[in-house]
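Enquirer:
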Ligand code: SF4
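In C-alpha cells form, the structure reads like this:
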C-alpha cells in the first residue's frame, strides 16, 4: 500500500518529507496505469517524475538502476529526414535488424518510412529517472524529425514530450502503426492474447480506448485490459526491469495477466514484453511486427 500514488500523496499531506517516501517514489515503473483511473485527472506520471527530480536534489546517491548520463546514439547531424513516417525504434527493436526491415516495410517501405538514427533513448532514461535534459540535446533530437507527418515511437515515455515538442506531427506507438494495416490485423484471432504497451497507451488513453475496442471487436482477440480498459503492464520497459526483470516484478505481472486465460499465442507490442512472457509460459510469443510472417 505504501508504494501507491495515493499513499505518497497522503504521506506528503500528513507532513512526510520527500526523503521519507524515497522507496515508494523509486518503485514507480511509470507504466501510467494509475492515470486514467484517477478521478481528478491530475497527471500522476508527471507528478511522479517531479517527485523523483526533487528527491534527486536532496540525496547523495542514486538507485543502482539509474542511467549514466551520456549520449547513447550518435544523432543525425541535425538534418531533417524527408520521409512522411519516421520510426524511433528504441533499444530492443533497434537491436533486431530483421524486425526493423519488416516493420519499415509494413509502414510503407523506404520511400515512405525511415528509421531515425537517434531515437532519444537517453532522453527517455533521463526523464524516467528525474534527471535533467538540456535544451540543446532536445533540439538536436527533434530536428531530424521535424518534417515527418507521423512519428512511430516504441518508447512510450517519449510520446507526450514529442507531442509537445512537435505539435504538427502525429505521435503513435508501433502497435497502432502496424495494426493500421488490414493485412496485419487480419492475422489476429480469438485465440490470441494481444499485449498492449502500457506507457504509450495511457499517454493517449481517451483516443486509444476506441482504437483497441474496434480492434477487439474486429478480430476477437483477448487483451491485457481490465474492466475500465486500463492496460495491465508487465513493467518490462522500465529502467528497473532493464537491471533486473525479476526484482522489478515483471514475471509476476505477466503470470497475473495470463491467470485463468487459455490462449494459443501471445502478441506483444513491446519487445521487452516478449522476453518476460517467454519466461513464464510455453505459449509462443511474437512481436506485432512478426504477425504477417507468422501466418
Ligand atoms: S505509474 Fe504505474 S507503477 Fe507508477 S504509481 Fe502509477 S500504476 Fe503505479
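Numbering (my numbering), first residue to last: 17 to 311. Positions of the beta carbon are idealized from the N, C-alpha and C atoms, including for glycine.
#1: Which residues in the same chain as residue 227 place their Cβ atom closer than 7 Å to its Cβ, once the five residues preceding and following it in sequence are excluded?
#2: Please report the Cβ distance between residue 208 and residue 237, rounded to the nearest whole angstrom; I am assuming they are in contact, meaning their Cβ atoms lie under 8 Å.
#3: Roughly how many angstroms lie between the CA atoms of residue 126 and residue 120, to the nearest whole one?
#4: Can you name the residues that DSSP bridges to residue 103?
#5: Can you say whether residue 171 is buried or exposed, counting buried as having 16 or more other CB atoms within 10 angstroms of its CB?
#6: List the endpoints of the continuous beta strand (DSSP E) containing residue 208.
#7: From what residue to what residue does the alpha helix (DSSP H) around residue 15 run?
#8: When DSSP labels each residue in this structure, what does residue 307 get in the three-state scheme?
#9: Kindly indicate which residue of 181, 165, 63 has the alpha-carbon position closest to the one of residue 157.
#10: If you measure from each residue's Cβ to the nearest non-hydrogen atom of the ligand ATP, which ones come out under 6 Å, in chain order?
#11: In whole angstroms, give me the CA-to-CA distance for residue 7 and residue 116.
#12: Does DSSP classify residue 187 as helix, strand or coil?
#13: Since residue 173 and residue 213 are thought to touch, with beta carbons under 8 Å apart, how far apart are those beta carbons, to the nearest angstrom?
#14: Where does the unbroken alpha helix (DSSP H) through residue 149 begin, and where does it stop?
#15: Decide if residue 31 is buried, meaning its Cβ has at least 16 other Cβ atoms within 10 Å, or exposed.
#16: Taking residue 131 as the reference, which of 140, 105, 114 has the closest Cα?
#17: Spell out a yes or no on whether the region 150–168 and the region 278–296 are touching, meaning 3 or more CB-CB pairs, one atom from each, closer than 8 Å.
#18: In angstroms with no decimal places, state the Cα-to-Cα distance between residue 307 and residue 290.
#19: Kindly indicate which three-state DSSP category residue 247 falls into: helix, strand or coil?
#20: For the 8 Å Cβ check, are there 3 or more pairs between the region 25–39 and the region 48–57?
#21: Determine the extent of the beta strand (DSSP E) in which residue 282 is found, giving its start and end residues.
#22: Under DSSP, the alpha helix (DSSP H) around residue 241 begins and ends at which residues?
#23: Using C-beta distances below 8 Å, list every residue in its chain close to residue 94, excluding the 5 sequence neighbours before and after it, in chain order.
#24: Would you decide whether residue 73 is buried or exposed? Buried here means 16 or more other CB atoms lie within 10 Å of its CB.
#25: With a threshold of 8 Å on Cβ separation, who are the neighbours of residue 189 within its own chain once the five nearest residues in sequence on each side are excluded?
#26: Please report the distance separating the alpha-carbon of residue 34 from that of residue 299.
#27: At which residues does the alpha helix (DSSP H) containing residue 78 begin and terminate?
#28: For residue 138, count the other beta carbons within 10 Å of its own beta carbon; 16 or more makes it buried, fewer makes it exposed. Which is it?
#29: Residue 45 and residue 263: beta carbons closer than 8 Å?
Expert: Result, derived from the coordinates:
#1: 192
#2: 4 Å
#3: 7 Å
#4: In the DSSP secondary-structure assignment, residue 103 is bridged to 131, 168.
#5: Under this definition residue 171 is a buried residue.
#6: Counting along the chain, residue 208 sits inside the beta strand (DSSP E) bounded by residues 208–211.
#7: Nothing about residue 15 can be reported from this structure: the residues present for the chain run from 17 to 311 only.
#8: In the structure shown, residue 307 sits in a helix (DSSP, three-state: H, G or I).
#9: Selected option, being the one with the closest Cα: 181.
#10: Ligands displayed in this structure: the ligand SF4; the ligand ATP is not among them.
#11: Residue 7 cannot be examined here, being either before or after the span of the chain that is shown, 17 to 311.
#12: strand
#13: That pair is no contact at about 11 Å.
#14: First-last for residue 149: undefined, no H or E at that position.
#15: exposed
#16: Put simply, of 140, 105, 114 the residue whose alpha carbon is nearest the alpha carbon of residue 131 is 105.
#17: no
#18: 13 Å
#19: strand
#20: no
#21: 281–284
#22: That residue, residue 241, is in no alpha helix (DSSP H); it is neither H nor E in DSSP.
#23: 156, 159, 160
#24: exposed
#25: 168, 169, 170, 172, 175, 213, 216, 217, 285
#26: 43 Å
#27: Note, residue 78: premise wrong, no alpha helix (DSSP H); not H, not E.
#28: buried
#29: no
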